[in-house]
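K.L.:
Numbering (our numbering), first residue to last: 22 to 184.
Where a beta carbon is used, it is the ideal one built from N, C-alpha and C, also for glycine.
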Amino acid sequence: MNNPKRVFIYYLSNVKRILEENESVDFHLKHRLTDTMFPAHQHISTAVSFTLRCCCQLVSREVPTFYRGTDRAALIDELERAMGCLDSIPDNELERQTSIQFEITAGFAKRSFERDAFINIYAIPNFLFHLSMAYASLKVSGLSLGKADFDQIHQYPDGFCFE
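Printed below as a string of structure tokens:
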């Protein structure tokens, strides 16, 4: 994939929809899958940061931060600002080939990737990991979510269960 922007915007829009449709989500945003993991709100912000770190670095722009806080309203604002930033990057700039090495810190490790590996092995998988952890945290905390909420593709009848 040469241009990850559309994938990022698509899934960020789905998260935004979940937040907008669940006014009482603030309680759930504090939930962690385990004591040593981020709470859902941090996974969402981290996923957002991966989109910006990826796309802005691909076009040699400074990586902005739109973090505003941990509640529903702050996350919706962060998502809107990030999607606006991503949308402002012209596709032809994101799609141009470059031989730049991307130097990143992953946890405590320093890594270097060529362009396609940076997108497909580092940025998109990490984005989807944090998005999935946020989704799982919200679901385990009791928020009514299904696969269709995550991808807006699947559809299941009300009350459906895999048992």
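Pairs of beta-carbons, one from the stretch 149 to 165 and one from the stretch 39 to 50, closer than 8 Å: are there three or more?
P.N.:
yes
K.L.:
Reducing DSSP to helix, strand and coil, say where Ile110 ends up.
P.N.:
If DSSP states are grouped into helix, strand and coil, Ile110 belongs with coil.
K.L.:
Let me know the secondary structure DSSP gives Lys168 once reduced to three states.
P.N.:
helix
K.L.:
Where Lys26 and Gly128 are concerned, what is the direct C-alpha to C-alpha distance, given to the nearest angstrom?
P.N.:
24 Å
K.L.:
Quick one: give me the first and last residue of the alpha helix (DSSP H) that Phe123 is part of.
P.N.:
Note, Phe123: premise wrong, no alpha helix (DSSP H); beta strand (DSSP E) at Phe123 to Ala127.
K.L.:
Is Arg82 helix, strand or coil by DSSP?
P.N.:
If DSSP states are grouped into helix, strand and coil, Arg82 belongs with coil.
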